[in-house]
Amino acid sequence: MILSNFFIKTQKNISSEDISYNAKLLEKAGFIYKNSSGIYTFFPLGWIVIQNIIKIIREEMSNIGALEMMMPALVSKQIWQTSGRWDVEIGYEVKSKDKADADFVLGWTHEEVISEIFSHFINSYKDLPLAMYQIQTKFRNEPRAKSGLLRGKEFIMKDLYSFHSSEDDLFAYYNQVALAYQKIFKRCGLNSIYTLASGGAFTIANTHEFQVICGAGEDEILVCSSCGYAENKEISNLKPGDKCLKCDGIIKLEKSIEVGNIFPLGEKYARDFNLKFKDKNGNENYVIMGSYGIGVGRLMGTIVELFNDEHGIIWPKEIAPALVYLIDIDKKIEAKELYNYLQNKGISVIYDDRDLSIGEKLQDADLIGLPYRLILSPKNKDLIEVKLRKDNKIKQLSKEEVINLIVKNNENIK
RNA sequence: CAGGCUGUAGUGUACCGGUUGCACGCUACCUUGGGGUGGUAGAAGUACCGGGUUCAAUUCCCGGCAGCCUGACCA
0 MILSNFFIKT QKNISSEDIS YNAKLLEKAG FIYKNSSGIY TFFPLGWIVI
50 QNIIKIIREE MSNIGALEMM MPALVSKQIW QTSGRWDVEI GYEVKSKDKA
100 DADFVLGWTH EEVISEIFSH FINSYKDLPL AMYQIQTKFR NEPRAKSGLL
150 RGKEFIMKDL YSFHSSEDDL FAYYNQVALA YQKIFKRCGL NSIYTLASGG
200 AFTIANTHEF QVICGAGEDE ILVCSSCGYA ENKEISNLKP GDKCLKCDGI
250 IKLEKSIEVG NIFPLGEKYA RDFNLKFKDK NGNENYVIMG SYGIGVGRLM
300 GTIVELFNDE HGIIWPKEIA PALVYLIDID KKIEAKELYN YLQNKGISVI
350 YDDRDLSIGE KLQDADLIGL PYRLILSPKN KDLIEVKLRK DNKIKQLSKE
400 EVINLIVKNN ENIK
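Quick note on numbering that gives the first Met the number 0: the first sequence kicks off at 0 and runs consecutively.
Dropping the structure here:
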C-alpha cells in the first residue's frame, strides 16, 4: 500500500496507564484503537494482520476437513435455557426497548447453537463425522478486561465443533485438531505448549490448552524443560523441580498465555438438543461432540507481546501487514518503480511516500515492524539499503541482490 | 466482584482554594531532508458528572461514572 492513499496514524505519545506491550505498541503504531476497556477497533493496518492470521487458520482448518460457516451472535433465551446456561454470568443479555426482560444473550460460545442446528440435519452414521467452524466476534462480560488484546469483552474467535459416531472417532479427530493448532501457532511464529487442563463440568475427559510462555500471561503451567510435557497449575500435582512424568527432565513453573483450547464434549449437548443418529444396525445413539477454540485477537496480542524491542514491533513474516517498508529519501528517485516491481512479484510493500522528514519515517518503520526495510538514497544511487527488522542488521545491496533476497526467500508468503 | 491508584484542549502531562501552563498532534506559510528538522502565525479546555464545605472549588470532602493496576473469577 502507498501510505499517502492509506490511513495510518502513528502516535508520538500514548497513555502510560496500560502497561502491556501489545496495548502500547499496537495503539502507538496505529493498528488498533481502544473504544472502551476490553473493546477495540482494528484500523486497516491491524485488520490486515487479523486477516493474515485468519488466512493461516482457514488453510489449516481446510487441511483437517473442517468447513467454514457463520452463526448468529444473538442467541435466543430458549436455547440457553435448554442447556442450562441462561444464567451464566459471563453473558451479556440483550433486550428490545419494548420489553422488560432480555430475549437474547450475545453469543460467548456456540455449542448450543450448533447442536440445535445439526439436530435437524444429522440423522445417520452416514452424516458423520462432521466438522464446522466459524470466525466470529464473541462477547463476554469479563469482570476485568486487561492487557490490551489479551483479555477483551468483545473479541474475535475461531470456534470449531466436531460431530462423531464414537468416542474413538472423536479422539482421533481431537488429535488431528491438536496438530493443526500447533501448526497454526508455529506459522504465527509461536512455540505453543500442549498443556493438560481441567476437564470442567461438560467434558468427558481432560481438556487441552495451547499455552505460549510469556510473562504477561495470566496462566501458570508446569512444563518439562526437556520434553515439553505440561500441565496447567490449576489441576497439576507437579511442583517446580519435580521429575517429568514422561522423561528425565525437570519441571519448571512458567507464566503463559492460553492461545487455544480443545474440549472433548461427549454427549452433553447432544442430549440437551436431542442430537441423535442411527447407526448401521438402526439403533439411535447420541452424537459425540468436540469443541475447539482459538482467540484470534489474543493471538495477535501474544505475537506483539513476544516480538518487540525498544523501537517497536517485530512481526513474523507470515503475520506482518506487509513484508517490505520502502522509503525514498530523495523524491527524485523513482521508488514507485521498485514498489510496482515487488508488488507484481507478490511481495507486499508499504511505500512511505508521506510528506514527512526522513527521521520520522525511519522511526515509524521500526515501530510498525515489517520484516524488511528498504531505503533508496541519493547518496548511493546504485545500492539499496536493506534492514532486517528481526535483528536490526543493515546491508547495502544492488537491486538484483535485493530482489534475490526478498523474492526468493518469500515465494511461499504472498 | 473486592482492594488500590487515577480522571485538566485530540493525546500526554504541570501547577493551583481566587476559573489553567507546557509538550506532542492539528491548520496556514516558510524552511529542512539518513533517526521524531527549524521557524512564524493560529485554532482548540464550562478541569468526567452530581452533591457538600467555603465569600470563592478544577483544587478539599462525599456519591456516581469511567480508566488502569493487584487479587478473585475465567468453555
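All C-beta atoms in this analysis are idealised placements derived from N, C-alpha and C, irrespective of residue type, glycine included.
* **Of the listed residues Gln210, Tyr39 and Cys223, nearest to Ile302 (C-alpha basis)** => Translated into positions along the first sequence, residue 302 becomes position 303. That would be Gln210, whose Cα lies nearest to the Cα of Ile302.
* **Separation of Lys8 from Gly289, as counted between CA atoms** => Along the first sequence, read from residue 1 onward, the residue named residue 289 stands at position 290. Along the first sequence, read from residue 1 onward, the residue named residue 8 stands at position 9. Taking the straight line joining both Cα atoms gives about 43 Å.
* Asked: Taking the C-alpha atoms as reference points, what is the distance between Leu202 and Gly292?
  -> Sequence index remark: in the first sequence, residue 202 carries index 203 (1-based). Sequence index remark: in the first sequence, residue 292 carries index 293 (1-based). Looking at the sequence provided, one finds Thr at residue 202 rather than Leu. Their backbone Cα atoms lie some 15 Å apart in a straight line.
* With a CB to CB cut of under 6 Å and the five nearest residues on each side skipped, what residues in its chain are close to Asn231? -> Taking the first residue of the first sequence as position 1, residue 231 is located at position 232. Contacts found: Thr194, Ala196 and Ile220.
* **Run of the beta strand (DSSP E) containing Ser255, from where it starts to where it stops** => To locate residue 255, count along the first sequence from 1; it is residue 256. Per DSSP, Ser255 belongs to the beta strand (DSSP E) from Ile250 to Gly265.
* Asked: Who pairs with Glu74 in a beta bridge, going by DSSP?
  -> Locating residue 74 in the first sequence gives position 75, counting from the first residue. Looking at the sequence shown, residue 74 is not Glu but Val. DSSP, once it has assigned bridges, lists Val104 as partnering Val74.
* To do: If I'm right that Ser191 touches Gln181 with Cβ under 8 Å, what's the distance once you round it to whole angstroms?
  => Translated into positions along the first sequence, residue 191 becomes position 192. Translated into positions along the first sequence, residue 181 becomes position 182. Between Gln181 and Ser191 the Cβ distance is about 6 Å, and since that is below 8 Å, they are a contact.
* What are the uninterrupted segments assigned as alpha helix (DSSP H) that are 4 or more residues long and contained completely in the segment 329-370, given in chain order? -> 334-343 and 357-367
* To do: Reducing DSSP to helix, strand and coil, say where Asn51 ends up.
  => Working through the first sequence from its first residue, we reach residue 51 at position 52. Correct three-state label for Asn51: helix.
* Determine the direct distance from the alpha carbon of Asp381 to that of Lys398, and round the result to whole angstroms. => Taking the first residue of the first sequence as 1, we reach residue 398 at position 399. Taking the first residue of the first sequence as 1, we reach residue 381 at position 382. About 8 Å.
* Return the first residue and the last residue of the beta strand (DSSP E) that Lys277 is part of. => Numbered from 1 along the first sequence, position 278 holds the residue referred to as residue 277. It spans Lys275 to Lys277 - the beta strand (DSSP E) in which Lys277 sits, taken as one unbroken run.
* **Tyr173 in three-state terms, based on DSSP** => Taking the first sequence and counting its residues from 1, the one referred to as residue 173 is at position 174. Helix.
* What beta strand (DSSP E) runs, 3 residues minimum, are completely inside the segment 0-35? -> 31-35
* Asked: What's the C-alpha gap between Glu336 and Asp327?
  -> Here the question's residue 336 lines up with position 337 in the first sequence. Here the question's residue 327 lines up with position 328 in the first sequence. Their Cα atoms are separated by approximately 11 Å.
* Phe120 in three-state terms, based on DSSP -> Position 121 of the first sequence, counted from the first residue, corresponds to residue 120. Correct three-state label for Phe120: coil.
* With C-beta atoms as the reference, is Ser255 less than 7 Å away from Ile318? -> Translated into positions along the first sequence, residue 255 becomes position 256. Translated into positions along the first sequence, residue 318 becomes position 319. No; because the gap between Cβ atoms is not below 7 Å, this pair is not in contact.
* To do: Tell me whether the beta-carbon of Leu373 lies closer than 7 Å to the beta-carbon of Ile383.
  => The residue labelled residue 373 in the question sits at position 374 within the first sequence. The residue labelled residue 383 in the question sits at position 384 within the first sequence. Taking 7 Å as the Cβ cut-off, Leu373 and Ile383 qualify as a contacting pair.
* Count the other CB atoms, across all protein chains shown, that sit within 10 Å of the CB of Met60; report buried if there are 16 or more and exposed otherwise. => Working through the first sequence from its first residue, we reach residue 60 at position 61. Result: buried.
* Compute the beta-carbon to beta-carbon distance between Val48 and Pro320, rounded to the nearest angstrom, for a pair I have assumed lies under 8 Å. => Working through the first sequence from its first residue, we reach residue 48 at position 49. Working through the first sequence from its first residue, we reach residue 320 at position 321. Right, their Cβ atoms sit about 5 Å apart.
* Quick check: the segment 66-77 against the segment 121-132, are there 3 or more CB pairs under 8 Å? -> yes
* Neighbourhood of Leu73 by C-beta distance below 6 Å, restricted to the same chain and skipping five residues each side -> As a working mapping, residue 73 is identified with position 74 in the first sequence. Excluding sequence neighbours, Leu73 sits near Phe103.
* To do: With a floor of 4 residues, list each alpha helix (DSSP H) that falls wholly inside the segment 276-334, ordered by position along the chain.
  => 295-305
* Asked: Taking the Cβ atom as the reference point for each residue, do Glu266 and Lys275 lie within a distance shorter than 7 Å?
  -> Looking up residue 266 in the first sequence gives position 267. Looking up residue 275 in the first sequence gives position 276. No, Cβ-Cβ distance for Glu266 and Lys275 is not below 7 Å.
* Who are the near neighbours of Ile89 in its chain, counting only those whose CB is closer than 6 Å to its CB and skipping five residues on each side? -> What you label residue 89 is simply residue 90 of the first sequence in a count that begins at 1. Within the same chain, Ile89 has close Cβ partners Trp107, Arg139 and Asn140.
* Taking the CB atoms as reference points, tell me whether Glu26 and Tyr268 lie closer together than 7 Å. => As a first step, residue 26 is located in the first sequence; it is residue number 27 there, counting from the start. As a first step, residue 268 is located in the first sequence; it is residue number 269 there, counting from the start. No, the pair does not count as a contact, with Cβ atoms beyond the cut-off.
* Given 8 Å as the limit, is there contact between the segment 235-242 and the segment 158-177, that is, 3 or more CB pairs closer than that? -> no
* Residue interval of the alpha helix (DSSP H) (run including Ile402) -> To locate residue 402, count along the first sequence from 1; it is residue 403. Lys398 to Ile402 is the span of the alpha helix (DSSP H), which, as asked, contains Ile402.
* Return the CA-CA distance between Leu244 and Gly198, expressed in angstroms with no decimal places. => Taking the first residue of the first sequence as position 1, residue 244 is located at position 245. Taking the first residue of the first sequence as position 1, residue 198 is located at position 199. Going from the Cα of Leu244 to the Cα of Gly198 covers about 19 Å.
* Classification of Arg143 by the beta-carbon crowding that lies within 10 angstroms, buried from 16 upward -> In the first sequence, residue 143 corresponds to position 144, counting from 1. Exposed: under 16 other Cβ atoms inside 10 Å.
* Quick one, are the C-beta atoms of Glu418 and Phe262 less than 7 Å apart? -> Shown here, the chain extends from 0 to 413; a query on residue 418 therefore has no answer.
* Asked: Buried or exposed: which applies to Asp218, given that a residue is buried once 16 or more other Cβ atoms fall within 10 Å of its Cβ?
  -> Stepping through the first sequence from its first residue, residue 218 is reached at position 219. Buried, by the Cβ-count rule.
* Under 7 Å, do Gly151 and Gly37 count as touching if we go by C-beta distance? -> Here the question's residue 151 lines up with position 152 in the first sequence. Here the question's residue 37 lines up with position 38 in the first sequence. Closer than 7 Å, so yes.
* For the segment 113-157, which segments carrying the beta strand (DSSP E) assignment without a break, of at least 3 residues, lie completely within its bounds, in sequence order? -> 129-138
* Neighbour-count burial assignment, Phe6, 16 or more Cβ in a 10 Å radius -> Taking the first residue of the first sequence as position 1, residue 6 is located at position 7. When all chains shown are included, Phe6 counts as exposed.
* **Three-state secondary structure assigned by DSSP to Lys394** => Locating residue 394 in the first sequence gives position 395, where the first residue counts as 1. It is a strand residue.
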